[in-house]
Amino acid sequence: MLGATDLAASGQSGAEIPRRPLGRTGLEVSALGIGGYHLGSANSDAEATQIVNEALDAGVNFFDNAWEYHQGLSEERLGRALRGRRDRAVVMTKVCTHGRHRNIAMRQLEESLTRLQTDHLDVWQIHEVIYENDPDLIFAPNGAAEALLEARRQGKVRFLGFTGHKDPSIHLKMLSHNFPFDTVQMPLNCLDATFRSFESNVLPEVNRRGMAALGMKSLGGSGELVSEGAVVVTMGLRYAMSLPVAVTISGIDSLSVLHQNLAVARGFQPFSAVEMQAIRDACRSGASDGHMELFKTTKKYDGDLGREMHGFPSSAELPV
Amino acid sequence: MPNSSDAIPLRQFGRHNVRISAIGFGGHHLGDAPDEPAAVRLVRQAVDGGVTFFDNCWEYHRGKTEAWMGAGLEGVRDRVFLMTKVCTHGRDKALALRMLDESLHRLRTDHLDLWQIHGVCFENDPALFIRKGGAAEALEQAKKQGKVRFVGFTGHKDPSIHLKMLATGFPFDSVQMPLNPFDANFHSFEQEVLPELNRRGIAALGMKPICGHGTPVQKGVLTGEEALRYAMSLPVAATITGIDKPEALRQALKVAQGFVPLEPSAMQALRDRCRQYAADGRFELYKLSLQFDNPEARLAHGFPLDMQQVEVREMLRMTENSGHPYPPTQ
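Below, the structure is given as structure tokens:
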């Protein structure tokens with residue numbers, strides 16, 4: 009394991025969290041974003057509210073969510089926490105048709121807006137594009153792609169995107185449709201760099217197209233990179249944030265995790281190219297069978313709704 | 012459908028002057044038989060029915076299927092072509108040779124006709140196999156010692172991993188892979204690996220003709236007979252099918268005895284019927300999940316175990332895990 013001391017020396021307390029352009033949208037977002045799933049895992053509504061408010065106070069303005077996280081609890085918590093401060097936040101949520109009709113997408117949009125207590129989303133993304141026929145289903149007549157455009161026409165969402173954690177080839181299939189996506193979310197971490205790599209295969213293409221890249225799973229989704237000893241938290245997060253992305257979305261389920269991650273983000277300085285390569289090289293062996301990137305190699309991170317729509321066994325029937 | 016003879020056709024084993032039955036008796040399912048006498052009866056009936064190719068593996072049911080097959084083949088060992096697999100999963104040569112001796116002991120024989128590397132499923136498996144001190148050296152040594160006649164490998168995950176194994180340049184005699192009408196349209200071994208094997212004169216062994224547990228048959232997409240016929244009609248030396256009870260054996264023998272391959276148009280019709288379900292891999296969970304990855308493989312690679320898997324439950328009962336982790340590669 010690489011040490012925490014020199015390479016991972018991170019932000020400066022008191023300094024600002026850097027803002028970066030969100031692709032060509034004209035928006036600027038904080039280099040660190042708050043992941044919506046973990047907001048639903050926080051111990052209480054009160055702690056979730058405090059996470060959101062402290063994050064806003066520290067200069068974080070990007071908030072991630074999804075219609076299906078914790079059966080709506082994640083969106084509700086974010087909506088409550090942002091009451092009165094909605095305008096300071098870039099709010100993203102995701103639609104969970106998993107291949108179904110645009111009407112379902114539009115219905116989910118209304119539910120998301122209600123839960124989030126807002127009349128518009130800044131970014132609306134198609135969630136969990138992880139099955140190989142998802143792009144075909146999304147772009148089929150009456151698929152979710154049509155819903156994205158309609159929602160934008162109606163003024164209910166400003167910008168459009170998609171996300172997935174499975175395979176770069178599926179992301180590239182989505183991009184090959186030349187749909188005007190503004191954002192593309194993907195797992196980016198120091199192991200991904202050498203295993204089924206979004207960093208190598210998708211990130212350059214997203215930047216070439218002027219879209220905003222949103223990184224996620226900087227520590228493996230549940231901290232696997234740390235618990236398996238590949239990196240320490242600060243280095244793993246800093247690696248992800250040093251890539252050419254607009255924002256790194258980080259799952260934060262407690263104030264202590266928030267404080268730890270804010271410490272990396274404040275006055276953030278990216279690693280040098282040499283340091284990045286040294287980290288990739290140190291992680292290569294551990295990356296090489298994907299056992300710390302379980303979202304790529306197992307069903308562990310694939311949601312039950314998506315599994316059902318694709319005829320897969322549920323997580324109870326087909327555990328990791 | 013039957014040909015002039017009602018025998019099971021024998022086919023050439025790759026580049027060697029050896030012939031094996033077009034259908035192989037899958038060893039894993041034998042462990043699902045109610046008891047050893049029932050398993051012994053299944054093996055004997057298969058031999059009497061013309062099956063000469065028997066599949067097994069060191070880690071199936073923690074050794075039980077090898078022991079039962081060994082009992083079933085007592086006295087008829089010379090009439091069959093016996094294969095089992097070694098479960099190093101990236102670990103070293105010494106472990107492989109220890110497993111070989113255990114397999115021979117359980118199977119009650121002094122040699123295997125075919126010894127294969129089991130479960131080549133992770134992207135770094137080929138590198139770990141061919142490294143200095145890796146399992147490749149065990150295959151060579153066992154061959155030299157006369158304990159095995161031929162060597163090969165198997166895996167159910169991704170064609171690219173099979174191609175990486177072939178790219179190591181190791182002189183494999185056989186390669187086993189999932190072949191069924193779903194595979195034909197999804198991460199396809201049929202398209203990407205099978206032609207390469209035939210070009211190289213390596214014996215192709217098909218498995219999972221009904222996708223492992225037969226889910227598409229239960230869901231009514233196709234019949235077990237159709238699926239088996241499809242797999243056997245491909246250019247393979249043998250199709251391995253799981254036999255756990257007399258009905259399964261009867262069905263396999265019914266298809267295999269006097270087998271005539273399907274016409275190309277019938278093959279295409281089956282592919283087309285399965286295409287829609289193949290598109291997200293819903294019936295090929297061995298490609299997309301850990302479901303069919305054995306616990307030895309997961310342990311060696313540091314993946315979480317599946318507590319519902321039969322071997323895991325047996326392992327927990329027996330707590331005789333032999334694994335030690337593989338060393339890092341460059």
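Order-wise, the sequence lines are chains A and B. So the first sequence is numbered by my numbering: it starts at 9 and just counts up by one. So the second sequence is numbered by my numbering: it starts at 12 and just counts up by one. Glycine is no exception: its CB is placed at the ideal position from the N, C-alpha and C atoms. Everything numeric in this text was worked out from a predicted model, so none of it was measured.
Mark residue i as exposed unless 16 or more other C-beta atoms lie within 10 angstroms of its C-beta, in which case mark it buried.
i: residue 122 of chain A; result: exposed
i: residue 263 of chain A; result: exposed
i: residue 208 of chain A; result: exposed
i: residue 293 of chain B; result: buried
i: residue 216 of chain A; result: exposed
i: residue 95 of chain A; result: exposed
i: residue 243 of chain A; result: buried
i: residue 45 of chain B; result: exposed
i: residue 282 of chain A; result: exposed
i: residue 212 of chain A; result: exposed
i: residue 218 of chain B; result: buried
i: residue 316 of chain A; result: exposed
i: residue 305 of chain B; result: buried
i: residue 169 of chain B; result: buried
i: residue 234 of chain B; result: exposed
i: residue 20 of chain A; result: exposed
i: residue 50 of chain A; result: buried
Reducing DSSP to helix, strand and coil, say where residue i ends up.
i: residue 251 of chain A; result: coil
i: residue 287 of chain A; result: helix
i: residue 301 of chain A; result: coil
i: residue 188 of chain B; result: strand
i: residue 212 of chain A; result: helix
i: residue 172 of chain B; result: helix
i: residue 337 of chain B; result: Note on residue 337 of chain B: pLDDT 44, under 50, position unreliable in the model; no value is reported.
i: residue 38 of chain A; result: strand
i: residue 34 of chain B; result: strand
i: residue 99 of chain B; result: coil
i: residue 274 of chain A; result: coil
i: residue 80 of chain A; result: helix
i: residue 50 of chain B; result: helix
Does the separation of the CB atoms of residue i and residue j fall below 8 Å?
i: residue 61 of chain B; j: residue 214 of chain B; result: no
i: residue 247 of chain B; j: residue 216 of chain B; result: yes
i: residue 196 of chain A; j: residue 270 of chain A; result: no
i: residue 172 of chain A; j: residue 138 of chain A; result: yes
i: residue 29 of chain A; j: residue 254 of chain A; result: yes
i: residue 128 of chain B; j: residue 158 of chain B; result: no
i: residue 260 of chain A; j: residue 42 of chain A; result: yes
i: residue 83 of chain A; j: residue 75 of chain A; result: yes
i: residue 124 of chain A; j: residue 99 of chain A; result: yes
i: residue 78 of chain B; j: residue 51 of chain B; result: no
i: residue 19 of chain B; j: residue 259 of chain B; result: no
i: residue 146 of chain B; j: residue 99 of chain B; result: yes
i: residue 295 of chain B; j: residue 222 of chain B; result: yes
i: residue 313 of chain A; j: residue 106 of chain A; result: yes
Alpha carbon to alpha carbon, how far is residue i from residue j?
i: residue 193 of chain A; j: residue 64 of chain A; result: 22 Å
i: residue 166 of chain B; j: residue 131 of chain B; result: 5 Å
i: residue 39 of chain A; j: residue 167 of chain A; result: 18 Å
i: residue 288 of chain A; j: residue 134 of chain B; result: 17 Å
i: residue 340 of chain B; j: residue 136 of chain B; result: Confidence in residue 340 of chain B is poor, its pLDDT being 41 and thus under 50, which makes the residue's placement unreliable; the coordinate value appears in the next sentence. Computed Cα separation, rounded: 10 Å.
i: residue 269 of chain B; j: residue 70 of chain B; result: 33 Å
i: residue 212 of chain B; j: residue 251 of chain B; result: 19 Å
i: residue 154 of chain B; j: residue 126 of chain B; result: 9 Å
i: residue 150 of chain A; j: residue 103 of chain A; result: 15 Å
i: residue 57 of chain B; j: residue 33 of chain B; result: 13 Å
i: residue 158 of chain A; j: residue 113 of chain A; result: 10 Å
i: residue 276 of chain B; j: residue 231 of chain B; result: 21 Å
i: residue 295 of chain A; j: residue 285 of chain A; result: 14 Å
i: residue 258 of chain A; j: residue 126 of chain A; result: 23 Å
i: residue 338 of chain B; j: residue 256 of chain A; result: Note on residue 338 of chain B: pLDDT 42, under 50, position unreliable in the model; the coordinate value appears next. Straight-line Cα distance between these residues: approximately 33 Å.
i: residue 336 of chain B; j: residue 31 of chain B; result: For residue 336 of chain B, the pLDDT reaches just 43, beneath the cut-off of 50, and the residue's location in the model is therefore unreliable, although a value from the coordinates is still provided. The alpha-carbon atoms of residue 336 of chain B and residue 31 of chain B are separated by roughly 36 Å.
i: residue 112 of chain B; j: residue 148 of chain B; result: 16 Å
i: residue 301 of chain A; j: residue 206 of chain A; result: 12 Å
i: residue 333 of chain A; j: residue 190 of chain A; result: The structure shown does not extend to residue 333 of chain A, since chain A is modelled only from 9 to 328, so the question has no answer here.
**Message:** Using a Cβ-Cβ cutoff of 7 Å, what residues of the segment 309 to 330 of chain B are near chain A? List them in chain order.
**Reply:** 312, 313, 314, 315, 317, 318, 319
**Message:** Output needed in chain order: residues of the segment 280 to 293 of chain B with a Cβ under 8 Å from some Cβ in chain A.
**Reply:** 288, 290, 291, 292, 293
**Request:** Using a Cβ-Cβ cut-off of less than 9 Å, list which residues of the segment 167 to 182 of chain B approach chain A; keep chain order.
**Result:** none
**Prompt:** Any residues in the segment 202 to 234 of chain B with a beta carbon nearer than 7 Å to a beta carbon of chain A? Which ones, in chain order?
**Reply:** none
**Request:** Can you give me, in chain order, the residues of the segment 126 to 137 of chain B that have a beta carbon less than 8 Å from any beta carbon in chain A?
**Result:** 133, 134, 135, 136
**Asked** If you measure beta-carbon to beta-carbon, which residues of the segment 101 to 113 of chain B are closer than 7 Å to chain A?
**Response** none
**Message:** So if I threshold CB-CB distances at 8 Å, which residues from the segment 103 to 126 of chain A count as touching chain B?
**Reply:** none
**Request:** Quick one: which residues of the segment 297 to 309 of chain B get their C-beta closer than 9 Å to a C-beta of chain A? List them in chain order.
**Result:** 299, 300, 301, 302, 309
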